[in-house]
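All you need for our numbering is the position in the sequence shown, starting with 1, plus 559. All residues carry an ideal CB built from backbone N, CA and C; glycine is no exception.
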Amino acid sequence: MVDVCIVGAGIAGCTCARELSAYNLEVVVLEAGYDVACGSTRANSGIVHGGYDPIPGTLKAKFNVEGSKIYEKLSEELGFEYNRCGSMVVAFSQDEVQALEGLLERGRQNGVEGLEILGQDAIREKEPNLSKSTVAALWVPTGAIVNPYGACLAFAENAVQNGAKFEFYSRVCAIERADGAYRVGYEVLSEGNEPVEKSLDAKIVINAAGLASGEINGFVSKDAFEITPRAGEYLLLDRTWGGAFNSTIFQVPTKNGKGVLVTPTTGGNMLLGPTAEPRESADQTQTTVDGLSSVLNAAGKNWEKIPSRDVITNFAGLRASCLEDGDFHLYEPDDAPGFFNIGGFDSPGLTAAPAVAKEYARIISERLGAEKNENFNPVRKPVKHFATMSDEERAGAVEQDSRWGRVICRCECVTEGEIVEAIHSPIPAMTIDSVKWRTRAGMGRCQSGFCMPLVAQIIARETGQDVTEIRKGGLGSKVAVGRRGCLDRLPHVVIDGGDDE
Ligand SMILES: Cc1cc2nc3c(=O)[nH]c(=O)nc-3n(C[C@H](O)[C@H](O)[C@H](O)COP(=O)(O)OP(=O)(O)OC[C@H]3O[C@@H](n4cnc5c(N)ncnc54)[C@H](O)[C@@H]3O)c2cc1C
């Protein structure tokens, strides 16, 4: 029997795993997907919200503000990309200025520091490219941007370094309570085979299953909550435009959410979006012509001449919203002691997750009487990016291992050395998308047109698989339908005609 079983390896599950690994507890994370952050955590705005938006007294308000305060230190410990660039909510009319004053007051009640309303001159000074129709803005200096995938991976890898276990392709399909513990039934999924049924006994279960959290809660409790998937569609601009805005620009929120924003990303791109539309099921992550047009129209209010020809990709994420009360569902149901929900965890869940995890780790460690893990190491060293190394660091890396000098993704300047390190990291990158999210190989202007076959070959070589087995992402996404001679020769021809095996 393990101490804690966590269902789901998004930001909620991975932050809990990391915080629990600071205690002497056996922790196992079961994840249905092929990697961490397969759900909402991968496709969102990447904003660490200041906390002026949630209604005072709600769980969203409490954990948003607490999360925002601890993110910077966590990013230093765990080596993920984070930038406290500030955010602005802009008003285009006197009615909207009144709304800003309401947000200012709400933010103060929530304990957000440094809020102020800026006039036109101060706005122009901070954001010269912002529409001249802006009349005022709420300035939120604690607002920040983060790489959501990078943060989630960092928490997960640090948890593994401190003893937690992750099992991927493991979909939880039943949970029963027996003898004061839980039997968690799950299916191990694999390519082309029937799922294999397994089970795990755990003293405590944390339900961090995002869009499936309502269903998982229903396995053990009659105290139900319902999740409605709500899509947010985005457009991403080429890095040429990375400096167009310095901070995140929001419009005045509506009943549907925080509205369409324009924001720099930690990768140096500009992101526009999201929409907020209900979807019928948890797999409907497609973008739509209507959705993307509405993003361009709405973002055009902030940025009058959006260079739409430099949009390099679009995507959608699904919020796991609980529409009954709009708040997070963080509770242990009366009829399921030892079962902890992280449900209805839509925005600002990315911001709130580290604070929720600290609270749950405190409660669970006390409940189980667990001592601190004396070997806990809070520091994780991330894989370095060749693109951001100094000339000296580059020379040193290449001298130690020539693969650091072999460029695989030309758009983002990603070399073979960092791809190999990502494949052999504590949570190995086993698919083309996992390599992309860790290294940025394939995230540039050509969107992996050139580097995808090379990355597939490197994964195959490093993991001892045949290249035709390599997948883009989840099951059923193999990238090669068959074998031709040139597939094996590509790295020799394209890169350096050189000395590979
Ligand atoms: C469009 C959009 C914009 C957003 N913007 C922001 C923002 O800027 N700032 C912010 O703070 N928040 C934002 N959010 C909210 C934030 O993304 C979420 O709160 C957060 O990612 C939720 O994390 P999670 O771990 O609960 O869920 P997820 O990331 O969805 O993880 C749940 C995991 O559970 C797994 N799973 C599901 N069912 C099972 C099962 N049966 N067995 C095993 N595993 C299972 C899934 O595969 C998934 O990996 C946004 C969300 C969206 C969609």
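Cβ shell of residue i (< 7 angstroms), same chain only, five flanking positions each side left out
i: G801; result: P823, G827, N828, M829
i: G569; result: A596, G598, S599, T600, C711, A767, G769
i: G673; result: P700, T701
i: H608; result: N623, S627, G702, P907, T910
i: T872; result: L795, Q1006
i: L633; result: P913
i: G638; result: A713, R939, K940, P941
i: S729; result: L589, E590, A591, Y745, V747
Cα-Cα separation, residue i to residue j
i: Q657; j: E1028; result: 58 angstroms
i: A954; j: L927; result: 50 angstroms
i: V649; j: R965; result: 45 angstroms
i: E980; j: L663; result: 46 angstroms
i: S692; j: F935; result: 53 angstroms
i: R601; j: K931; result: 31 angstroms
i: V848; j: R868; result: 16 angstroms
i: K864; j: C972; result: 29 angstroms
i: E590; j: K917; result: 21 angstroms
i: P788; j: D950; result: 46 angstroms
i: S652; j: E750; result: 56 angstroms
i: P687; j: M948; result: 30 angstroms
i: I991; j: C1010; result: 10 angstroms
i: E675; j: V588; result: 42 angstroms
i: D886; j: A596; result: 22 angstroms
i: E891; j: N706; result: 30 angstroms
i: C970; j: F714; result: 28 angstroms
i: K814; j: A790; result: 15 angstroms
i: E933; j: E925; result: 16 angstroms
i: A857; j: K1031; result: 33 angstroms
i: V671; j: E655; result: 20 angstroms
i: G1001; j: F804; result: 24 angstroms
i: R1004; j: K621; result: 40 angstroms
i: D1055; j: Q1024; result: Residue confidence is low: D1055 scores 39 on pLDDT, short of 50, so the model does not pin down where it sits. No coordinate-derived value is stated.
i: D893; j: L618; result: 19 angstroms
Member of the options whose CA lies at the smallest distance from the CA of residue i
i: V561; options: E753, I871, L759, L796; result: L759
i: I763; options: G739, E785, A1015; result: G739
i: H888; options: L770, N688, V694, S690; result: L770
i: D884; options: I786, I922, V942; result: I786
i: E839; options: S852, A879, K860; result: A879
i: I606; options: K724, A620, Q720, T807; result: T807
i: A723; options: Q843, I986, T872; result: I986
i: R1042; options: G850, R667, V1026; result: V1026
i: S984; options: K943, Q1006, P1012; result: K943
i: M989; options: G1033, S1007, A946, T974; result: G1033
i: G592; options: S924, F727, V1040, C970; result: F727
i: G1035; options: E836, A715, N752, M1002; result: N752
i: G816; options: A803, E836, N805; result: E836
i: D1061; options: G661, E635, V586; result: No answer is possible for residue 1061: it lies beyond the span of the chain, which begins at 560 and ends at 1060.
i: L882; options: E684, G610, F784, S604; result: F784
i: D797; options: V821, A1019, V870; result: V870
i: Q668; options: E684, G610, E636; result: G610
Contacts around residue i, its chain only, beta-carbon distance under 8 angstroms, and the 5 residues preceding and following it disregarded
i: I775; result: V566, V731, I734, N766, A768
i: Q845; result: A875
i: V854; result: E792, Y793, L794, V819, L831, G832, P833, T834
i: E631; result: Y641, R643, A703
i: A1061; result: Since the displayed the chain opens at 560 and closes at 1060, residue 1061 lies outside it and no answer follows.
i: R999; result: G826, H944, A946, C968, E971, V973
Cβ-based neighbour list, residue i, same chain, cut-off 6 angstroms, excluding 5 preceding and 5 following
i: S993; result: D594
i: A920; result: E578, L579
i: A571; result: A767, I901, F904, A912
i: A718; result: A576, R577, S580
i: R742; result: E735, S758, D760
i: V755; result: V747
i: T974; result: F945, W963, R965, V966
i: Q810; result: G818
Beta-bridge partners of residue i, as assigned by DSSP
i: R789; result: P837, R878
i: A703; result: V607
i: P823; result: M829
i: Q657; result: Its beta-bridge partners do not exist; DSSP assigns none.
i: A737; result: A740
i: F945; result: Partner(s): none; F945 has no beta bridge.
i: H888; result: G902
i: Y582; result: K931
i: Y630; result: In the DSSP output, where bridge partners are listed per residue, Y630 has none listed.
- Query: Would you call the region 778 to 796 and the region 571 to 588 touching, i.e. three or more CB-CB distances under 8 angstroms?
  - Reply: no
- Report yes or no: do three or more beta-carbon pairs, one from the region 669 to 687 and one from the region 892 to 909, lie closer than 8 angstroms? The region 669 to 687 vs the region 892 to 909: no contact.
- Can at least three beta-carbon pairs, one atom from the region 639 to 655 and one from the region 692 to 707, be found at a separation below 8 angstroms? Under the Cβ criterion (8 angstroms, minimum of three pairs), the region 639 to 655 counts as touching the region 692 to 707.
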